[in-house]
Amino acid sequence: MERRDFLKRFGLIAAMAGVGGKTLAQEAKPETAQPVDKKRLPNADEVKLTFIGTSHGRVTTTRAHSCTLLQTGGKNYVIDAGEGAVANIMKAGTHISDINAIFITHPHLDHYGGLYGLQQQISSFRKFYKEGEPRAAATYDILLPSEDLLKIMKDIKTAHHHGVYPKWHHFQVFKEGQIFDDGNIKVTAYGNDHMSRLPDGTPVAFSFLFECANGKRIFFSGDLHKSFDLPLEGIKKNGVDLLVCELVHYPIKLAVERLKDLPVKKTCFQHHGDAWEAKGWEERFAKFSSQLTMPSEIMTDGDVRFV
Ligand SMILES: [Zn+2]
Ligand SMILES: [Zn+2]
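For the sequence shown, my numbering assigns the number -19 to the initial residue and increments by one for each residue that follows.
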């Protein structure tokens, strides 16, 4: 069954089932009824998310490692840069050299394997813009979750025996708390236990809250611990319009328990494995999703959603 057909069918299933005194389909229907114009840029009150890579640690024939493009206020941000990020962002219609910042959730290869290529390509294109063009001078930030990852990036640069256009990018290793504010988006990092912490307790795996100037709020889980340690404080305080949540490291019954009645308008699940492509996945996801208290979808590479 085609995914879109499934979503339509799921809307009907959910409408019949009804959850928590309301029908999921009443909220989900408008979105599933209208095809999304993937090339359209977001309006002033919108955030556009393009799911560039939605697979977990092993790529599939149709899905690449983790990468999401967030566009709002005329700027382009990348969350995680797994292998395949450069080509797939270009194919999705955004030019690499127009990226304004890159945020890496944690130093696992399926989240940074494409970072060096991405950084090099952005700078490579900028190098050839003529002096005076805005993009020729624009610098951009790459926010890294650990000193170890910064060392890896520096070691690759050394192995190349050249400077790799150092003029444009700016590495920053972040810790918990607010890590970025360009007046268009504010980003807060919440540590989790997906990876062992440093001896002093410092986390190296993070979830992110994006607060956009137009008021939209989006939470990215990053990868989580098997206990589903989604940092709820980042969601509960003011609620979020969308939760982008991984779907591989925990038993889904924990997600049902912990997501219950959270102030989340919608959840998009990604970073999922082969099981969610195997025979019968539609019914399994419908069963899972019908237990949640907000509408939810499972995403695939190239999917676009406007928030
Ligand atoms: Zn991962
Ligand atoms: Zn991971």
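Cβ coordinates follow ideal geometry from the N, Cα and C atoms, glycine included.
Secondary structure at Glu277: strand, using DSSP grouped into helix, strand and coil. No Cβ-Cβ contact shorter than 8 Å links Gly94 with Gly53.
Taken in chain order, the complete beta strand (DSSP E) segments of 3 or more residues contained in the segment 73 to 147 are 81 to 83, 120 to 124.
Beta-bridge annotation (DSSP): Gln158 is paired with Thr168.
For Val58, the enclosing beta strand (DSSP E) stretches over residues 55 to 61. In the DSSP assignment, Ala193 falls outside any alpha helix (DSSP H) and carries neither an H nor an E. Cβ neighbours of Arg177 within its own chain (closer than 8 Å, five residues either side excluded): Gly171, Pro183, Val184. Counting other Cβ atoms within 10 Å of its Cβ, Thr168 reaches 16 or more and is therefore classed as buried.
In this structure, the straight-line span from the alpha carbon of Gly37 to that of Asn164 is close to 32 Å. Proximity to Val284 across Ala67, Ala65, Gly73 peaks at Gly73, based on C-alpha coordinates. Counting of Cβ neighbours within 10 angstroms places Thr119 among the exposed residues, the total staying below 16.
Residue pairing for Gly33: DSSP places it in a beta bridge opposite Cys47. Counting only residues of its own chain and dropping the five nearest sequence neighbours on each side, Ile102 has a CB closer than 8 Å to the CB of Ile76, Ser77, Ile79, Tyr120, Trp148, His149. Between the segment 273 to 283 and the segment 209 to 219, the count of C-beta pairs closer than 8 Å stays below three; the two stretches do not touch. Nearest to Ala81 by C-alpha distance, out of Val16, Lys19, Thr48, is Thr48. For the 8 Å CB-CB criterion, Leu50 and Leu21 do not form a contact.
The C-beta distance from Val228 to His205 rounds to 12 Å, too long to meet the 8 Å contact threshold.
Around the Cβ of Gln14, a 10 Å sphere holds fewer than 16 other Cβ atoms; the residue is exposed. Here the alpha carbon of Gln100 sits roughly 19 Å from the alpha carbon of Val153.
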